[in-house]
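Student: Right, I'll just put the structure down here and ask away after.
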Amino acid sequence: MKASPAQQKELLRLQALDTRLQQTQHQTKALPQHAELAALGTEAEKTRTTLAARTGELEDVRIELGRIESDVDVVEKRIARDTERVEHTSSVKDVQALETELAALRKRHTDLEEIELVVMERLEEREAAVAEVETVRDALADRISEAEKARDIRLAELNRELGDLARDRETIAATLTEELRALYEKRRVVGRGNAAALLRARTCSGCTMTLTGSDLESVRSADADEVVFCPDCGAILVRTEESGI
1 MKASPAQQKE LLRLQALDTR LQQTQHQTKA LPQHAELAAL GTEAEKTRTT
51 LAARTGELED VRIELGRIES DVDVVEKRIA RDTERVEHTS SVKDVQALET
101 ELAALRKRHT DLEEIELVVM ERLEEREAAV AEVETVRDAL ADRISEAEKA
151 RDIRLAELNR ELGDLARDRE TIAATLTEEL RALYEKRRVV GRGNAAALLR
201 ARTCSGCTMT LTGSDLESVR SADADEVVFC PDCGAILVRT EESGI
């Protein structure tokens, strides 16, 4: 295949742009914020699980306290009712029975109040435990928000750079003949991105192989407009005054 030396040199510019495109695309996938957000997401999920468990425990205590408060209310109403009946009855037998019941009710009331105090202490402990996890959750949310902002800013920068590189690549590619461009694209696929390389001091800049013997003689004897390839990596070898041949 034939291509002017000037066209072949343009392949080096195209290769440099493709290398930068590949590197920049890799950067978009390898941002430190991606790993940070993944770790924070795992931590946030654990925190949500812990918060759900502690909130459940808190609700259980609240329900228990509600039942006790309801029992206290019932006992207080019965005490008030029996006290009023004592005040309005003239039957000694009824008074004795009511006094016995009132004594039992007052003891029950005292017992319930003691239980209520214990449960209220547990309630405070559970509320503090929930508040502690909520603080952790909110701090994580702030860290996630900051990491997302940093990620988005960096991605926007990289995407702008990708856009600029793509436009530059299109401009350079448009100057190549269709045949040379097709050859370059084919070598880029086969060479996993390594399509064209400068031959400097008889060494391929793509794979660092130094040409010797018949390989060197073959490249040396080729016409300036003949497209030659690295015998090792298969990249298009671009010859210049730096080639040393």
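Using the UniProt record's numbering, read the sequence shown as starting at 1 and increasing by one per residue. We put the beta carbon where it would ideally sit given N, CA and C, even for glycine.
(1) Ordered along the chain, which non-local residues of its own chain (more than five positions away) have a Cβ less than 8 Å from that of T28?
(2) Exposed or buried, what is A139 when buried is set at 16 or more other beta-carbons lying within 10 Å of its beta-carbon?
(3) Put R85 into one of helix, strand or coil per three-state DSSP.
(4) Classify L237 as buried or exposed, calling it buried when 16 or more other Cβ atoms lie within 10 Å of its own Cβ.
(5) Is the Cβ-Cβ distance between R202 and Q33 less than 8 Å?
(6) Assuming V72 and L123 form a contact by the criterion Cβ under 8 Å, report the distance between their Cβ atoms to the nearest whole angstrom.
(7) Tell me the start and end of each unbroken alpha helix (DSSP H) in the region 38-121 that is at least 4 residues and wholly inside, in chain order.
(8) Tell me, which residues are paired with A197 by DSSP?
(9) By the DSSP assignment, the alpha helix (DSSP H) with L176 in it spans what residues?
(10) Relative to the C-alpha of G206, which candidate in A195, R108 and D215 has its C-alpha closest?
(11) Rounded to whole angstroms, what is the Cα-Cα separation between E125 and L40?
(12) What did DSSP end up calling E226 once you bin it into helix, strand or coil?
(13) Rounded to the nearest angstrom, what separates T212 and I245 at their Cα positions?
Tutor: Taking the definition as stated:
(1) Around T28: L155, L158, N159 and L162.
(2) Counting every other CB atom within 10 Å of its CB across the protein chains shown gives A139 a total below 16, marking it as exposed.
(3) Secondary structure at R85: helix, using DSSP grouped into helix, strand and coil.
(4) The residue in question, L237, is buried, as its Cβ has 16 or more Cβ neighbours within 10 Å.
(5) Contact: no.
(6) V72 to L123, Cβ: 15 Å. No contact.
(7) Restricting attention to alpha helix (DSSP H) runs no shorter than 4 residues, the region 38-121 encloses none.
(8) L237, per the DSSP bridge assignment.
(9) No alpha helix (DSSP H) holds L176; DSSP gives it neither H nor E.
(10) Of A195, R108 and D215, the residue nearest in Cα terms is A195.
(11) Rounded to whole angstroms, E125 to L40 spans 27 Å at the Cα level.
(12) The answer is strand: DSSP assigns E226 an E or B state.
(13) Cα to Cα, T212 sits roughly 11 Å from I245.
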